[in-house]
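Counting in the numbering used here, the sequence shown runs from 124 upward without gaps.
Below: one structure, written as structure tokens.
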Amino acid sequence: MESVGIDAIEIRPGKLRLDLAETFAPALDEAPEKYTEGLGLYASSFPDIHEDIVTMGANAAHRLMERKDLEPADIGRIDVATESAFDNSKPVSTYVAGCLEQVFAGDFHHANKGERKFACISGTQSLDDAYNWIKAGRSRGRAALVIATDTALYARGDAGEATQGAGAVAMLIDEEPAVVEMSQAQGYGSADETDFLKPNQQFPSVDGKRSVQVYLARMREALEDYEGVAGDTHPDDFRYIPFHTPFPGMVRKAALLGYRHVARGTDVEDGLAARIGRQPRRDDFDDEAAYEGAVREHMDALSGTDEYRDWFGRTIEPTLDVARHVGNWYTGSVHIARASALRRAREEGFDAAGERLLVGSYGSGAQAEIHAETVQEGWNEEIEALNLGDQLAARYDMSFAEYEQVHDAHNHAVETEIEGFTEPDGEFVFDGRGPMDERTYRFV
Ligand code: COA
């Protein structure tokens, strides 16, 4: 078997938009710069009244299957990664399959279906499951459909409200993929943490500041583990580094830490030494506090160097283009970052085939995973087929009062009856509830 990886991608944002600088910040009496500069966010995407994790996932998968001329018999498994599930037993993938069976001839009765949970990292874990299933020779020549879908809504007034978002990423995992081949080597950083939880509740309990620290600690651990199997890395080894992006400001912190790590002991550190000194080494300090102080000082100096800024602009910035306008999609966020980088490569006329990506996924609770990917010849055609720009431009721009109504409409604890803001057309919609209180869907 030559290679396994992502053969096709479809992205489906929620059809509503909340402008963070113009609409949200003034209503909360906050500076717009907290969003545009601090968090690095301009807007969030929200689900309209007829949308939810099933419709967004099914609509992404529908377009993917139509575009790739697939029928249900071509798909051997459907895995949905989400942290917004509404049922503790029946997986979202069965609802998605039910939707797709409304429009395609045939059925998914012989496809394995499941739901993956580990906060935001479960999208990547589902890619792994599909990769392993194909590599183990169990796929019978069929592809896997992985769908990362979330409504990342926080309780009104929670600090996380600033980073909300909603959308789905559908990915086809197959042999001889068109977009990226995934590496066999991977590294993990995992520990029992309580930074973000939803103990049988719709909106998360979050220790936001702590979650930022846990993200960085686990990511560093994962990078060390990855280097343990793949060998030392150098800042120039990877053309793009898509990270899990709860908000771009988080990636700014992770990127600086990652750069310091991969530059250590290389010609990059040698070149910087005359200007900012060599990186502090733990063994050169008597106590932890002095060492940490020296590291902070070094990181500040490093962040201002041309070397770091150029590297960030080239390797990281392109991964953030989409996140800045859609917010956090939890399980889908790192997969948006990959697509965002490839969209930028296309816009700039850069031939990315053969280039390597280092993909840094993270889920609270907490676990980070790092693996490499190699861009394949078919990437350009696949990215050209994405209609993400059109979907983003077509979103309905909510006023603050409308945002409040929409948040209530998606809140399971609030009874509301409001009309949608967009007209469904050629898509699956949430249609009400069946006899066992199950959610029902139809194609409009
Ligand atoms: N101009 C420029 N920057 C500004 C600013 C202004 N007027 N006001 C604030 N900022 C900056 C802050 O300095 C901060 O940046 P820094 O962390 O680099 O210093 C950033 O904007 C956010 O401001 P802060 O006051 O920390 O925001 P907050 O108290 O609302 O909390 C989160 C931010 C991320 C903790 C919060 O949104 C959250 O809990 N999110 C959900 C959890 C999450 O996403 N965790 C990430 C790991 S998974």
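We treat Cβ as the ideally placed atom computed from N, Cα and C, and that holds for glycine.
C-alpha distance - residue i paired with residue j, whole-angstrom precision
{"i": "I198", "j": "D407", "result": "56 Å"}
{"i": "L509", "j": "H367", "result": "21 Å"}
{"i": "G229", "j": "A196", "result": "7 Å"}
{"i": "T92", "j": "D171", "result": "No statement about residue 92 is possible, as the shown extent of the chain runs from 124 to 567 and does not include it."}
{"i": "V374", "j": "W452", "result": "15 Å"}
{"i": "Y414", "j": "G400", "result": "14 Å"}
{"i": "T317", "j": "T442", "result": "28 Å"}
{"i": "A181", "j": "R419", "result": "46 Å"}
{"i": "Y349", "j": "G557", "result": "47 Å"}
{"i": "Q402", "j": "V567", "result": "59 Å"}
{"i": "V457", "j": "S484", "result": "6 Å"}
{"i": "F435", "j": "G351", "result": "24 Å"}
{"i": "A424", "j": "G416", "result": "13 Å"}
{"i": "K213", "j": "A475", "result": "40 Å"}
{"i": "D152", "j": "I257", "result": "52 Å"}
{"i": "E598", "j": "E538", "result": "For the chain, the structure presents residues 124 to 567; residue 598 sits outside this window and is missing."}
{"i": "A468", "j": "G354", "result": "27 Å"}
{"i": "A144", "j": "G549", "result": "32 Å"}
{"i": "P369", "j": "R461", "result": "14 Å"}
{"i": "A285", "j": "D142", "result": "11 Å"}
{"i": "V269", "j": "E133", "result": "11 Å"}
Candidates the options: closest to residue i by CA position
{"i": "I572", "options": "L193, E174 and V385", "result": "Residue 572 lies beyond the range of the chain shown here (124 to 567); nothing can be said about it."}
{"i": "L481", "options": "M305, A495 and S313", "result": "A495"}
{"i": "Y85", "options": "Y564, M342, D520 and A476", "result": "A query on residue 85 cannot be resolved here, the shown segment of the chain reaching from 124 to 567 and no further."}
{"i": "A396", "options": "H421, A412, G372 and K376", "result": "H421"}
{"i": "V335", "options": "F523, S306, N323 and A378", "result": "A378"}
{"i": "G427", "options": "G486, R383 and E504", "result": "R383"}
{"i": "G137", "options": "V552, I506, E561 and A475", "result": "V552"}
{"i": "Y363", "options": "A464, D330, E505 and D410", "result": "A464"}
{"i": "S168", "options": "K191, A462 and R135", "result": "R135"}
{"i": "N503", "options": "E470, K191, N211 and E125", "result": "E470"}
{"i": "Y526", "options": "L268, R279 and D252", "result": "R279"}
{"i": "T205", "options": "C222, F227, H185 and C243", "result": "C243"}
{"i": "A517", "options": "H530, S126 and R140", "result": "R140"}
{"i": "S207", "options": "R239, D360, A183 and D359", "result": "R239"}
{"i": "V127", "options": "H530, G246 and Y254", "result": "Y254"}
{"i": "T272", "options": "E440, S245 and A489", "result": "S245"}
Beta-carbon contacts of residue i that lie in its chain and below 6 Å, excluding the five residues immediately before and after
{"i": "A234", "result": "I198, G199, R200 and I201"}
{"i": "D130", "result": "L295, D297, P300 and A301"}
{"i": "G543", "result": "D171, I172 and H173"}
{"i": "C222", "result": "A181, F551 and Y564"}
Supposed contact pair residue j and residue i - C-beta distance, whole angstroms, cut 8 Å
{"i": "V219", "j": "I459", "result": "At roughly 19 Å, the Cβ-Cβ gap does not stay under 8 Å, so V219 and I459 are not in contact."}
{"i": "V385", "j": "E430", "result": "Their Cβ separation, rounded to whole angstroms, is 12 Å, which puts V385 and E430 out of contact at 8 Å."}
{"i": "E224", "j": "A345", "result": "The Cβ separation is near 38 Å, so there is no contact."}
{"i": "Y564", "j": "T178", "result": "7 Å"}
{"i": "F241", "j": "G455", "result": "That pair is no contact at about 14 Å."}
{"i": "G312", "j": "M342", "result": "6 Å"}
{"i": "G450", "j": "Q287", "result": "5 Å"}
Contacts around residue i, its chain only, beta-carbon distance under 7 Å, and the 5 residues preceding and following it disregarded
{"i": "R261", "result": "none"}
{"i": "L320", "result": "P327 and S328"}
{"i": "H533", "result": "P170, T274 and L276"}
{"i": "L339", "result": "K376, A377 and L380"}
8 Å CB neighbourhood of residue i in its chain, flanking five on each side removed
{"i": "A148", "result": "A154, P155, K157 and Y158"}
{"i": "P371", "result": "L162, G163, L164, L443, A446 and R447"}
{"i": "G477", "result": "T497 and V498"}
{"i": "A150", "result": "F523"}
Cross-strand partners of residue i (DSSP beta bridge)
{"i": "E133", "result": "A293"}
{"i": "Q402", "result": "None; Q402 has no bridge partner."}
{"i": "D230", "result": "Its beta-bridge partners do not exist; DSSP assigns none."}
{"i": "E492", "result": "Y311 and S484"}
Min CB distance residue i to chain C below 9 Å
{"i": "Y519", "result": "The displayed structure is made up of one protein chain only, and chain C is not part of it."}
Check: residue i C-beta below 8 Å from any heavy atom of the ligand GDP
{"i": "N323", "result": "In the structure on display, the ligand GDP does not appear, and the ligands it does have are the ligand COA."}
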